[in-house]
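Report on the following structure.
Protein chains in written order, with our numbering: chain A, 71 to 229; chain B, 399 to 809.
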C-alpha cells in the first residue's frame, strides 16, 4: 500500500547532507546496497532516483523489481543521526520526455562526463523510523520477552 | 464489437491464461508482444487528446495518429492501427491518461512518444526535417530510400513487407525524393543533436539496391557517403549507430567499417529456414542466397566485432501458409536451432512480431499465438546469454522493436 511521506521524512530525503542508500536484490536474492545521493522527492509524491550507469546492478535489479513486482529499501541517515528506512516499489522509469531531459541537462551542467540512463520512480510502501530510542521503545512494548535478564536485575539485590 | 465476432478471428487462450503459464516472463513485455500482434484501435477520445505540439504523430487520410506508444518500464510498442474485426487493443483516454483497454478493461497506462523539437525545422533545401529523419524515444531513424530492387524491379519483394507500399504513399504525399540527400540528412542530425539527452542511437536503412561493379556496390557506396556525412556531426571516429542493409560481401563490409563511423551492422535474414527463405524472400534468395546470407553475417563479425552484428527475423512468419511450419512447436524448434548456429559464430538474432500488414502479400494471414512469441523471445535471449553475446546496439532503448532484446535488460 502506498504511503505519503511526512514532511520531516521529505526534508531528510531532500537534504543534500543526508546519506542515502538504495538496496535492491538480484535474481538469486543477493542484496546490493549502494549510496545514491540522487534519491529525492519527485513532484508526483514518489521517490525519484537518477540512474547514471545503464548496465549497473542497481539498474538491472530495479528493472527486475518493476517487471516482477519486487521491492527495494532506502535508508536515510541525517547529519543529526536521524535514521529512516523506506520500503518501496519501482513503478516506472523515464527514459525520455520532459522529466528525463530536465534531469539530463542539470546533470550535464554539474558534471561534463555524466550521462543519464533513466529517472526511476519508486512508490513508497512503508516508512520505518530507525531511530534507536524509538526502535527500543517499540521493541519493549511489542516483545517484552526480548530482553536479557541482567538488564532487569535489581542492582541492590542481596544474596 | 461482439465477442462472438472477435473470437471468430481469434479463438485462443486469454492473455491472463498465457502469461500465467510463463511466470518468469515479464508481463509488460508479454503485453507489448500482444499489442503488436493484435494491433491497436485509437478511440475518438484518444485522437482528440493527441496534441501535435507535444506528441509525435503521423497524419494518414487527414487524421493525426500517435506514432507509437511507450510503457512505464521505458519499453516501446511500435504498433499500427488494425481494423476492429482483427480484435485490436483499444487505446483510450480516461481521466487524463492514455490507457490500453482490452475487452472493456483497462490493462495498462501508456504514453505517446514525445515530439522532438527539430521536427518543425527545415533543411537548407527547404524540406521539413521530420520528413527526412524520424524519431523514436531515443533513436533517430533514417529511411534512405523507398526504392527496393527486389520489390520494384524484380517483383520479388519479401511477402510480409508492406514498407514499399507505405513509403510510396508517404513520399508522394510529402513530395519527397525516392532517395534522401546526404546533406539534408546531416543537417537534420546536427539539429537533432542540439536536443541534449534526446537521442542515443542512429538507425540507417533502406531498400536493397543491387547495381554496381559488384552486386550491391551502389547500395554500399550510398551508405558510405551518407555515413561519412553524418560522421561530420560528431567529434568521435565512431558513433552509436546501426546500419541495416543487405548482406554485403567481405570487401563491401570492410569498406563500411573502415571508411565510416558506423557502430554496428545488421542484415535481416527474415526467416531462419532455407526453403521458407526462398519462398518468402525471393529477391534476397535470388541475389544473395540463404547460405551466403548467413556466411556474410558471420564474416561481418570478424570485421565489426562480436556484439556488433545482428540479423532480424520477422517472428512468426515461419508459420505462414501454405509452406510454413504446420505447428508452432516445429517452427520454434527449427528457428532456435538456426539462431543457435549464428550465435555460436557471434551473430545475434532478434525478432519483430509479425502482424500481417495491409500492402503486404501476407495481409490476410494470421500471426501465431502469444505463447509462441513468448517462447521465441525467451529462446533468442537465452541464446545470447548462453554464448555471451550482447545486443547493446539493438536493445530496448536503441531500438525498442524486439521483445527478445527487451529481456537483455536483465543480462
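Beta carbons are placed, not taken as given, at the ideal position from N, Cα and C, and that holds for glycine.
Any C-beta of chain B under 8 Å from that of residue i
i, result
"residue 92 of chain A", "no"
"residue 142 of chain A", "no"
"residue 174 of chain A", "yes"
"residue 171 of chain A", "yes"
"residue 167 of chain A", "yes"
"residue 100 of chain A", "no"
"residue 51 of chain A", "Since the displayed chain A opens at 71 and closes at 229, residue 51 of chain A lies outside it and no answer follows."
"residue 130 of chain A", "yes"
Partner residues on chain B for residue i, Cβ-Cβ distance less than 9 Å
i, result
"residue 163 of chain A", "470, 471 and 472"
Boundaries of the alpha helix (DSSP H) in which residue i is found, first to last residue
i, result
"residue 681 of chain B", "680-685"
"residue 413 of chain B", "413-418"
"residue 690 of chain B", "688-702"
"residue 84 of chain A", "77-84"
"residue 206 of chain A", "202-212"
"residue 803 of chain B", "801-804"
Interface residues of chain A facing residue i [CB-CB closer than 7 Å]
i, result
"residue 426 of chain B", "137"
"residue 795 of chain B", "165"
Host beta strand (DSSP E) of residue i (start-end)
i, result
"residue 109 of chain A", "From DSSP, residue 109 of chain A is part of no beta strand (DSSP E); its letter is neither H nor E."
"residue 495 of chain B", "495-500"
"residue 642 of chain B", "639-642"
"residue 713 of chain B", "707-713"
"residue 717 of chain B", "Neither: residue 717 of chain B is in no beta strand (DSSP E) and is coded neither H nor E."
"residue 456 of chain B", "455-458"
"residue 670 of chain B", "Where residue 670 of chain B is concerned, there is no enclosing beta strand (DSSP E), given that its DSSP letter is neither H nor E."
"residue 725 of chain B", "Premise fails: residue 725 of chain B is in no beta strand (DSSP E) and is neither H nor E."
"residue 194 of chain A", "188-199"
"residue 89 of chain A", "89-95"
"residue 507 of chain B", "503-510"
Below-8 Å beta-carbon distance, residue i vs any chain A residue
i, result
"residue 512 of chain B", "yes"
"residue 755 of chain B", "no"
"residue 808 of chain B", "yes"
"residue 801 of chain B", "no"
"residue 779 of chain B", "no"
"residue 537 of chain B", "no"
"residue 399 of chain B", "For residue 399 of chain B, the pLDDT reaches just 49, beneath the cut-off of 50, and the residue's location in the model is therefore unreliable, leaving the point undetermined."
"residue 773 of chain B", "no"
"residue 791 of chain B", "no"
Beta-carbon neighbours of residue i, restricted to chain B and to distances below 8 Å
i, result
"residue 188 of chain A", "472"
8 Å Cβ cut-off: residues of chain A touching residue i
i, result
"residue 595 of chain B", "170, 171, 174, 175, 178 and 186"
Three or more C-beta pairs below 8 Å linking the region 137-152 of chain A and the region 437-449 of chain B = no
Are at least three pairs of beta-carbons, each pair with one atom in the region 475-488 of chain B and one in the region 540-550 of chain B, less than 8 Å apart?
-> no
If we count Cβ pairs, one from each stretch, closer than 8 Å, do we get three or more for the region 461-479 of chain B versus the region 510-517 of chain B?
-> yes
Ranges of the alpha helix (DSSP H) found wholly within the region 105-179 of chain A, counting only runs of at least 4 = 127-138
Counting pairs of beta carbons, one from the region 181-194 of chain A and one from the region 118-129 of chain A, are three or more of them closer than 8 Å?
-> yes
Using 8 Å as the Cβ pair cut-off and three pairs as the minimum, do the region 567-584 of chain B and the region 697-705 of chain B touch?
-> With fewer than three CB-CB distances shorter than 8 Å, the region 567-584 of chain B does not count as touching the region 697-705 of chain B.
Given 8 Å, three or more beta-carbon pairs between the region 705-713 of chain B and the region 775-795 of chain B | yes
Decide if the region 727-735 of chain B is in contact with the region 681-696 of chain B; the criterion is three or more beta carbon pairs, one per stretch, under 8 Å apart.
-> no
Cβ pair count under 8 Å reaching 3, the region 596-606 of chain B against the region 533-545 of chain B | yes
Report yes or no: do three or more beta-carbon pairs, one from the region 659-670 of chain B and one from the region 628-637 of chain B, lie closer than 8 Å?
-> yes
Only counting runs of 4 or more residues, tell me where the alpha helix (DSSP H) segments fall wholly within the region 426-496 of chain B, in order along the chain.
-> 442-447
Contact between the region 124-133 of chain A and the region 88-96 of chain A: three or more CB pairs below 8 Å?
-> yes
Along the chain, which unbroken stretches of the beta strand (DSSP E) at least 3 residues long are found entirely within the region 519-553 of chain B?
-> 537-541
Could you give the uninterrupted runs of the alpha helix (DSSP H) lying entirely in the region 719-785 of chain B, keeping only those of 4 residues or more?
-> 726-742 and 768-784
May I have a chain-ordered list of the alpha helix (DSSP H) segments no shorter than 4 residues that lie completely inside the region 568-656 of chain B?
-> 580-590 and 615-629
Would you check if the region 109-118 of chain A and the region 78-90 of chain A touch, i.e. whether three or more CB-CB distances between them fall below 8 Å?
-> yes
Is there contact between the region 441-460 of chain B and the region 769-784 of chain B, where contact requires at least three CB pairs shorter than 8 Å?
-> no
Below 8 Å, can you find three or more Cβ-Cβ pairs linking the region 640-647 of chain B to the region 679-692 of chain B?
-> yes
Is the region 164-182 of chain A in contact with the region 590-597 of chain B, if contact means three or more CB pairs nearer than 8 Å?
-> yes
Is the region 422-433 of chain B touching the region 755-773 of chain B, taking contact as three or more C-beta pairs under 8 Å?
-> yes
Is the number of C-beta pairs between the region 607-623 of chain B and the region 661-670 of chain B that are closer than 8 Å three or more?
-> No, because fewer than three Cβ pairs between the region 607-623 of chain B and the region 661-670 of chain B fall closer than 8 Å, the two stretches do not touch.
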